[in-house]
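The sequence shown begins at 1 in UniProt numbering and counts up by one.
Beta carbons: idealized from backbone N, C-alpha and C, even for Gly.
Have a look at the structure below, then the notes.
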Amino acid sequence: MHTTLTESSNTTVAGADTGTIRPRGAARVVARLSTAAALAAAVALAVTTAAGAATPPMPPGQQTSVAYLALGDSLTAGYQPDRAGRRASDDPRGGFVGIVAAGLARQPDIGTLGRRVQVTNLGCTGETSATMVEGGRCTYRGHASQLSAARAYLRANPQTALVTVTIGANDVRACLSATDLDRGCANRAFDLLEARLGTIVSAIRADAPGARVVVTDYYNPYLAARLTGPEGRRLATASIVVHAQLNAIIRKQAADHGARTARVAAAFDTSDNISRVDVPGIGRVPRNVARICAWTWMCARPATPDIHPNDEGYARMGQAVLTRLAQNR
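Rendered as structure tokens:
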């Protein structure tokens, strides 16, 4: 139990093969407040257009390939606003998923070294742990929810080497207002998240006993709110409590159900509010705030602040997953 508060498309990488279940109908959610350039050369964008079609097992002649299944919210979907902040779109072929896929072919420890990697991305912008389990956000033809589609995919594709899961932040986002935290809301959200995340990870482990399952924790985009004045500083302070509890739940549920946690928060130096860094146009700020400004859209101008990563942020997320995969436990 947590401590009570007092917050697809299908991509072929390195010549891999395709075929997937794709989410449809996700609303574009631009929160108030593409892949790294080097990846473009590494990822072949062979994408199926049969949205929602169930993925068949890989043909016998292609069994030398391995599969990577990506599950989660807008971070899995590779969501970013445009440079002006007026439009937004998902990039399921890129984001951190593309970085991970490109890196899998260089992983000697999990049987993917030099092999073709088939990527299936079921990420759904706006997904919560509730909608991942029960449905209601994106549609997956023939399946009630993202989890249902994932389980069908895993049963049909026993060659799956990796499953990543990124879920939970949207469960508690509604508990943060522009200036403060609704602690009762956050406590209720955390109670439900604990149960649902355990359900999600245990179901994946049951259907993919031979795969590595990596759950990502989260960076804290609301740290940048401290740059907007007294009310923003209150929001940033409140978000620290929510963020710490969210990541504690993610790490515990992953460990309890046989999965690993990729330390995205650590990659973003989320806990380092002591070191000071110069940020052009802003001044000298704590390192954790500087990372958010540099690696997300929270400090972008003229765009409206947005919690999602930019290309560099997604690259850092992807590297956090690859780093965790390279570790024995």
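Name the two residues that bound the continuous alpha helix (DSSP H) containing residue i.
i: His-308; result: Where His-308 is concerned, there is no enclosing alpha helix (DSSP H), although the beta strand (DSSP E) it sits in stretches over 306-309.
i: Ala-169; result: 169-173
i: Gln-253; result: 230-256
i: Arg-205; result: 183-207
i: Thr-131; result: 129-134
i: Ala-152; result: 146-156
i: Phe-96; result: 95-104
If you check the beta carbons only, do residue i and residue j fall under 8 Å apart?
i: Arg-116; j: Ser-177; result: no
i: Asp-73; j: Thr-125; result: yes
i: residue 330; j: Phe-268; result: Residue 330 is absent from the model: the chain starts at 1 and stops at 329.
i: Tyr-222; j: Ala-208; result: no
i: Ala-265; j: Asp-217; result: yes
i: Gly-123; j: Ala-77; result: yes
i: Thr-261; j: Ile-250; result: yes
i: Leu-227; j: Leu-162; result: no
i: Arg-212; j: Ile-110; result: yes
i: Leu-246; j: Val-172; result: yes
i: Thr-164; j: Leu-71; result: yes
i: Ile-167; j: Ala-315; result: no
i: Ala-156; j: Val-201; result: no
i: Ala-67; j: Thr-160; result: yes
i: residue 395; j: Arg-276; result: In the structure displayed, the chain extends from 1 to 329; residue 395 sits before or after that span and is not available.
i: Leu-270; j: Asn-220; result: Correcting the residue type first, residue 270 is Thr in the shown sequence and not Leu. A contact, by the Cβ cut-off of 8 Å.
i: His-308; j: Gln-107; result: no
i: Cys-293; j: Ala-225; result: no
Measure the beta-carbon distance from residue i to residue j and round it to whole angstroms, keeping in mind my assumption that it falls under 8 Å.
i: Val-133; j: Arg-196; result: 5 Å
i: Val-321; j: Val-214; result: 6 Å
i: Asp-256; j: Gly-198; result: 7 Å
Buried or exposed, going by whether 16 or more other CB atoms sit within 10 Å of the CB of residue i?
i: Glu-231; result: exposed
i: residue 339; result: Past the edges of the chain, shown from 1 to 329, lies residue 339, and the structure says nothing about it.
i: Leu-69; result: buried
i: Gly-318; result: buried
i: Asp-306; result: buried
i: Asn-328; result: exposed
i: Ala-189; result: buried
i: Ala-259; result: buried
i: Ile-21; result: Because Ile-21 sits at a pLDDT of 47, beneath the cut-off of 50, its placement in the model cannot be relied upon, and the following sentence gives the value as read from the coordinates. Buried, by the Cβ-count rule.
i: Ala-206; result: exposed
i: Ala-326; result: exposed
i: Gly-313; result: buried
i: Leu-193; result: buried
i: Asp-278; result: exposed
i: Asp-91; result: buried
i: Leu-154; result: buried
i: Arg-301; result: exposed
If you follow the beta strand (DSSP E) that residue i is part of, which residue opens it and which one closes it?
i: Gln-118; result: 117-121
i: Arg-212; result: 212-216
i: Thr-112; result: Here Thr-112 belongs to no beta strand (DSSP E), and DSSP marks it neither H nor E.
i: Ala-67; result: 66-72
i: Ala-262; result: 260-262
i: Leu-162; result: 160-166
i: Arg-276; result: 276-279
i: Arg-284; result: 283-286
Using a C-beta cutoff of 8 Å, does residue i count as contacting chain D?
i: Val-277; result: Of the protein chains in the structure, only one exists, and it is not chain D.
Taking contact to mean 3 or more Cβ pairs, one atom from each stretch, closer than 8 Å, check whether the stretch 239-249 and the stretch 282-300 are in contact. no
Does the stretch 89-99 touch the stretch 133-149, meaning 3 or more C-beta pairs lie closer than 8 Å? In short, these stretches do not touch, since the Cβ pair count stays below three.
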